[in-house]
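Single-structure report; data block below.
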Amino acid sequence: MLAGTSSLALATAMAWGLATAAPAAAPAIDPTIWPKAKSPAALTDEKTEAFITDLLAKMTLEEKVGQVVQGDISSIRPEDLLTYPLGSILAGGNSAPGGDDRAPAVEWVKLGRAFREAAATRPGAKIPLMFGVDAVHGHNNVLGATIFPHNVGLGAARDPDLIRRIGEATAREVAATGVDWTFGPTVAVPRDDRWGRSYEGYSENPEVQAAYAGPMTLGLQGGLETGKPLAAGRIAGSAKHFLADGGTDKGRDQGDATLSERELVDIHAPGYPPAIDAGVLTVMASFSSWNGTKLLANAGVLTDALRGPLGFTGFTVGDWNAHGQLEGCSNESCPQAFNSGLDMFMAPDSWRALYANTLAQVKSGEIGRARLDEAVRRILRVKVKAGLFEGARPLEGKLELLGAPAHRALAREAVRKSLVLLKNNGSVLPIRRGARILVAGRGADDIGQAAGGWTLTWQGTGNKNADFPNGQSIWAGIAEAAGVTAEYAPDGAFKTRPDVAVVVFGEAPYAEFQGDLDTVDFAPEEPLALLKRLKAQGIPVVSVFLSGRPLWTNPEINASDAFVAAWLPGSEGGGVADLLLAGADGKPRHDFTGKLSFSWPKSAAQSPLNVGQPGYDPQFAYGYGLTYASKVEVPPLSEAAGVPVTLANPGRYLVAGAVIAPWSLMLRDAGGETRTNTGQGASPRAGVRIRVVDAGAQESGRAVSFTGAGDASVAITGPAVDLSRHTNGEMAVGFRFRLDGAPTAPVRLAVDGGAIDVTDLLRRGGVGTWRTYKIRLSCFRDAGTDVAAVTTPFDLSTAGKLEAAVADIALTYNEGDAICPSK
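For the sequence shown, the numbering used here begins at 189 and goes up steadily by one.
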C-alpha cells in the first residue's frame, strides 16, 4: 500500500487489475480511536443488493458516470437529461424555479416533475433522478414553508424529541414539493464563533450533536425497515460536513483545522455515529482541510474511517464545486476526490465538462471501474431505500402542508424552548397584564432578520414580511397578545409613554463565508444609542437579541434591564411573545427553559471560547440560562471590547449617519484635505462641500457638492486593513446614492489605487431618487487596488460639478446583484 493511500479504495480498484491513480497522500488514520457505528442492516438487504447487481450489469459506462455527477437547476434543463444521464440535481441556496426565489410552491412541484419525466424518457437503464435541497431549518427555500429556528437556537432547547418532530415536519413539507433529499442534519461542532456558519451548529460541545443527530435523522427519514422504502412523507438525509468544518483556524470558512487525530475524533466526529446508527442515507464531505489536506483528498478519513469503524454504507456527496479546490483539480476535473472516496460530485455549473472528463478518466483507467461501480452501487442503494424506484409520491402536490397549523405550532414551541434569558434585573419580565408596551428596533417587524441566512436565498438578505405568508413577526406576536396595549416605533419615538420597551435588534442575515467575522464584537451603534435613550427617559428596557452566535454585547446588556438571546427564531415570532408576557393571573404564560449551548464572550477578543478549554472565562458560561424563579441580578459588565477598533469595523464606514471608528471622512482638493466626522465641512479650497441630509432616517446621509474647480473627492480613510478574504468571497462596496444634479465630468469611485468610472451607472439611476449600488471588491482589485492593505475603502471624485447625496457606505454581501462597471 502506498503511504497515506486508503487500503479500501486501492483494494477495490486493484481487484480489476487497472492502473488507478492513487489519492493524494494524507496521514493514515488510527482506526482504533474512531467511534464505532454501523449502518442498519435494513439498508443493505439481500434482495436490494441483487436488484442493484442486475441493474449494474445492464448499465452502460456513460450511465454509470452520470450517476456520480449532480448539476444545479440554475445550470441544467430537463431536456439536458436526454443527452447527459445525470443521476441527481439540486437547488442551491440561490437557485429556484425560473430563477425566481419567490416562485410559488407549485412551480417547485412542476420543476421536479419535468426533470423526472425527462429522466424517465431517456433511453437505456431507467434510473430515477434524485433531487436535493438545503432544507436546514424547515423547507427554507420555498415561499410559505414553516421556518424553524436555526440550529444555534435549537441547541439551547436541549430537547431531542423536539428535534425529531422538527425533522418530521420538515420532511413532510419537502415531500409536498416533490423533493427527495435534504442536505441535513448538520452535525458540525463550531469551535470559533467568528465562523459564518456557526448558527448551523447545535453547540460548541459535541454532546449536543451526539444527542440530536439520531433524532433528526429519524425525523427526516423515519426508521429503516428491511426490504421496504422510506415511509410516505419521509425524505433522505445527509449528515454534514464530514469532517471538522467547525474546527477551522480562526473560524475561516473552508479553512484548515489544525488539530490532532484524537481531537478530530473526540470533538468533531460524535454526531456521525448516531446519524449512521439511525440510518442516514448520505454524508456530505467538507470543503475544509485537516492539517493541510483537503478532506476530499483524504482517503484515510473519507474511506478508511467512514467506511471502516463508522461503518457507513450509504453514499458520500461533495459540497458546491468543492472538488475544484483540490491540488491538481478544477471544477471540471478531479479524479483525486473520486479515488479518495467521494461518490457523487456536486458540480452545480460544471457538470457537463466534469461528466465528460470523468468518463474519459474511467476509460483511461485513471479512475478504476471497480471504484466507479462501488460508488454507483451506493447511490442506487440509497435510491432504492428512498423509494425512488417505486414512483409513488403520495404527498407531492399537497401544498397545504407548507406552513400547516401543526407545523407552525411546533415552530412556535421551538422558539419558546430555544430562547435564553441572560438578564432580568428587577424582574422586569414577565411584562404584566395591562401594560403599555413600546416595541422598537427594526428587527421587531422583520421576519427575514429573525429567519437569518439560508432563507429563500443563500445569504437570506432582502426578504420582506410578505415573503412569509404563513409567518408572524415578533411585533405581530406581541400586538396580538391579549391584555396589553402595544405601539410599534422602530426608532423608539413613541406617541404615548410606555410602561416598558421591548427593543429587537441584532445581526443582519448572512450565510457561509460572507458571515465570517474578524472579532465577536457586535458593532452597530444604532441599537445601543436607542437603548440608552430609552433608559435615560426612565423606561424599563427589554432587549431581544437576534444573532447566529454569541457576540460581545456588554454595552447593550448594561443598557437593558432584561436581555434575551433569541438567536434566529424563524417565522414564528409569537413564540417570543409567549415568554415575555404574563397571563391573566399575572404569572408567566411560559417559563424560560433554554440554556446556552455556546459560551457567551466577556470581550470581543474571546474567540475561540469553549467550555473545558484552558483559561475558560466567559461572561455567561455554557449551560447558563435564567428562569423566572431565578433571582440573579447581573451587575454592570465591563465595556472594554479588548480589540482594536480597526478589527471591529473592517467593513463599516458611514452607517446610520455616523462615521464608524477608526474611519474618517476626508474632503480633498488641490489644497490638501480636511477631516470631518461631524457631518459638515469643505475641502481646503472648497472644491467639495458636505452637509447632513436625511436619507430615510434623520440625518443619516451626507449631501455632497462638487464645485467643478478641479479634482476633488469625498473619501473614507483609516488604518490599513486586509480585505483579501472579502474580495475572494466576492463581497462588494455598497452604498446608497441620490443624484441631485447631473455630473459635468467623469465621476470615479476608487478603493485606494483602483479606480472605476461610475458616471453612466449613477446617471442611469435618475435624478432625485435614492438607489442602492453594489460594486464588487474584485473589480477594484482588477483595477489596481492592493486589497491586502486598504486604507481608503471609498473615494468618490470628479473634476466637474456634481450635486448628490450618499449614505450607508459599507462592505456588503453579493447576492448576485453586485456589478462591475467598466473601468
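Ideal Cβ positions, reconstructed from N, Cα and C, are used throughout, including at glycine.
* Tell whether a beta-carbon distance below 8 Å holds between Y387 and R737. => Against the sequence shown, residue 387 aligns to sequence position 199. Against the sequence shown, residue 737 aligns to sequence position 549. Their beta carbons are under 8 Å apart, which means Y387 touches R737 by this criterion.
* Specify whether the region 439–449 and the region 392–407 touch according to this definition: at least 3 beta carbon pairs, one from each stretch, less than 8 Å apart. => no
* Asked: Is the region 349–367 touching the region 598–607, taking contact as three or more C-beta pairs under 8 Å?
  -> yes
* Go ahead and pull the three-state DSSP assignment for E991. => What you label residue 991 is simply residue 803 of the sequence shown in a count that begins at 1. Reduced to three states, the DSSP call for E991 is strand.
* Start and end residues, beta strand (DSSP E) containing W539 -> The sequence position of residue 539 within the sequence shown is 351, counting from 1. It is not in any beta strand (DSSP E) - W539 instead sits in the alpha helix (DSSP H) that spans 539–552.
* **Continuous beta strand (DSSP E) assignments of at least 3 residues falling wholly in the region 822–896** => 840–843, 852–857, 860–863, 876–881, 889–895
* Just checking my contact of K551 with L514 at CB under 8 Å: how many whole Å lie between their CB atoms? -> One-based indexing of the sequence shown puts residue 551 at position 363. One-based indexing of the sequence shown puts residue 514 at position 326. Between L514 and K551 the Cβ distance is about 21 Å, and since that is not below 8 Å, they are no contact.
* **Nearest-angstrom Cα separation, counted from L274 out to N545** => On the sequence shown, position 357 is the one that residue 545 refers to. On the sequence shown, position 86 is the one that residue 274 refers to. Going by the C-alpha atoms only, they are around 14 Å apart.
* Which same chain residues, not among the five before or five after A203, have their C-beta less than 8 Å away from its C-beta? -> For the purposes of this step, residue 203 is taken as the residue at position 15 of the sequence shown. Because A203 carries a pLDDT of 30, less than 50, the predicted location of this residue cannot be relied on, and the following value inherits that uncertainty. Closer than 8 Å at the Cβ level, and outside the excluded window around A203, lie A558.
* Asked: What span of residues does the alpha helix (DSSP H) with L949 cover, start to end?
  -> In the sequence shown, the residue the question calls residue 949 occupies position 761. That run of the alpha helix (DSSP H) goes 947–952.
* To do: Determine the DSSP secondary structure at G1004, reduced to helix, strand or coil.
  => Within the sequence shown, numbered from 1, the residue matching residue 1004 stands at position 816. Here G1004 sits in coil by DSSP.
* **Selected residue, minimal CA-CA separation from V340, among A754, L547, G553** => Counting from 1 along the sequence shown, the entry for residue 340 is found at position 152. Measuring from the Cα of V340, the nearest candidate turns out to be A754.
* Measure the C-alpha to C-alpha separation of T358 and G332 and round it to an integer number of angstroms. => On the sequence shown, position 170 is the one that residue 358 refers to. On the sequence shown, position 144 is the one that residue 332 refers to. C-alpha separation (whole angstroms): 13 Å.
* Measure the Cβ-Cβ separation of W383 and G439 and say whether it is below 8 Å. => Your numbering for residue 383 matches position 195 in the sequence shown. Your numbering for residue 439 matches position 251 in the sequence shown. Yes. Within cutoff.
* What distance in whole Å lies between the Cβ atoms of A677 and A638, which are believed to be in contact at a cut-off of 8 Å? -> Residue numbering aside, residue 638 sits at position 450 when the sequence shown is read from its first letter. Residue numbering aside, residue 677 sits at position 489 when the sequence shown is read from its first letter. 18 Å between Cβ atoms; not a contact.
* Asked: What is the DSSP secondary structure of A209, reduced to helix, strand or coil?
  -> Here the question's residue 209 lines up with position 21 in the sequence shown. Residue confidence is low: A209 scores 39 on pLDDT, short of 50, so the model does not pin down where it sits. No coordinate-derived value is stated.
* **G300 to I848 span [Cα, whole Å]** => Position 112 of the sequence shown, counted from the start, is the residue given in the question as residue 300. Position 660 of the sequence shown, counted from the start, is the residue given in the question as residue 848. In a straight line, the C-alpha of G300 is about 48 Å away from that of I848.
* Asked: Under the three-state reduction of DSSP, which class applies to W369: helix, strand or coil?
  -> As a working mapping, residue 369 is identified with position 181 in the sequence shown. Three-state result, W369: strand.
* **Three-way DSSP call (helix, strand, coil) for H595 in this model** => On the sequence shown, position 407 is the one that residue 595 refers to. Helix at H595.
* So, helix, strand or coil for H1020, using DSSP? -> A question about residue 1020 goes unanswered here, because the residues of the chain that appear run from 189 up to 1011.
* What whole-angstrom Cβ distance do N612 and A750 have, given they're in contact under 8 Å? -> The residue you call residue 612 lines up with position 424 of the sequence shown. The residue you call residue 750 lines up with position 562 of the sequence shown. Contact flag correct, Cβ pair sits at about 5 Å.
* To do: Could you check the C-alpha separation between S476 and V732 for me, to the nearest Å?
  => Taking the sequence shown and counting its residues from 1, one reaches residue 476 at position 288. Taking the sequence shown and counting its residues from 1, one reaches residue 732 at position 544. Rounded to the nearest angstrom, the two C-alpha atoms are 34 Å apart.
* Can you say whether T436 is buried or exposed, counting buried as having 16 or more other CB atoms within 10 angstroms of its CB? => On the sequence shown, residue 436 is found 248 positions in, with the first residue counted as 1. So T436 counts as buried.
* K428 (DSSP reduced to helix, strand or coil) -> Taking the sequence shown and counting its residues from 1, the one referred to as residue 428 is at position 240. Of the three classes helix, strand and coil, the one that applies to K428 here is strand, per DSSP.
* Does DSSP put E267 in a helix, a strand or coil? -> On the sequence shown, position 79 is the one that residue 267 refers to. It is helical.
* Asked: Quick one: any contact between the region 831–845 and the region 795–813, if contact means 3 or more CB pairs under 8 Å?
  -> no
* Extent of the continuous beta strand (DSSP E) run through Y400 -> Counted from its first residue, the sequence shown places residue 400 at position 212. Run containing Y400: none in the beta strand (DSSP E); it sits in the alpha helix (DSSP H), 394–409.
* C-alpha gap between P523 and G556, whole angstroms -> Stepping through the sequence shown from its first residue, residue 523 is reached at position 335. Stepping through the sequence shown from its first residue, residue 556 is reached at position 368. Cα to Cα, P523 sits roughly 10 Å from G556.
* Give the secondary structure of L231 by DSSP, where H, G and I count as helix, E and B as strand, and everything else as coil. => Indexing the sequence shown from 1 puts residue 231 at position 43. Reduced to three states, the DSSP call for L231 is helix.
* Asked: What is the rounded straight-line gap between the Cα of R721 and the Cα of D679?
  -> Here residue 721 is taken as the residue at index 533 of the sequence shown, counted from 1. Here residue 679 is taken as the residue at index 491 of the sequence shown, counted from 1. If you take the alpha carbons of R721 and D679, they lie about 10 Å apart.
* Counterpart residues of I277 in DSSP-defined beta bridges -> Taking the first residue of the sequence shown as 1, we reach residue 277 at position 89. Answer is G259, F319.
* **Contacts around A419, its chain only, beta-carbon distance under 8 Å, and the 5 residues preceding and following it disregarded** => Here residue 419 refers to the residue found at position 231 of the sequence shown. Closer than 8 Å at Cβ, skipping near neighbours: G410.
* Who are M472's beta bridge partners in DSSP? -> Position 284 of the sequence shown, counted from the first residue, corresponds to residue 472. According to DSSP, M472 bridges with K428, V505.
* Asked: What do you reckon, are the CB atoms on A846 and E713 nearer than 8 Å?
  -> For this step, residue 846 is matched to residue 658 along the sequence shown. For this step, residue 713 is matched to residue 525 along the sequence shown. Yes, the Cβ-Cβ distance between A846 and E713 is below 8 Å.
* To do: May I have the straight-line CA-CA distance separating V764 from P337, to the nearest angstrom?
  => Residue numbering aside, residue 764 sits at position 576 when the sequence shown is read from its first letter. Residue numbering aside, residue 337 sits at position 149 when the sequence shown is read from its first letter. Cα-Cα distance, rounded: 12 Å.
* Asked: Are A900 and G875 touching if we call contact CB-CB under 8 Å?
  -> If you number the sequence shown from 1, residue 900 lands on position 712. If you number the sequence shown from 1, residue 875 lands on position 687. Going by C-beta atoms, A900 is nearer than 8 Å to G875.
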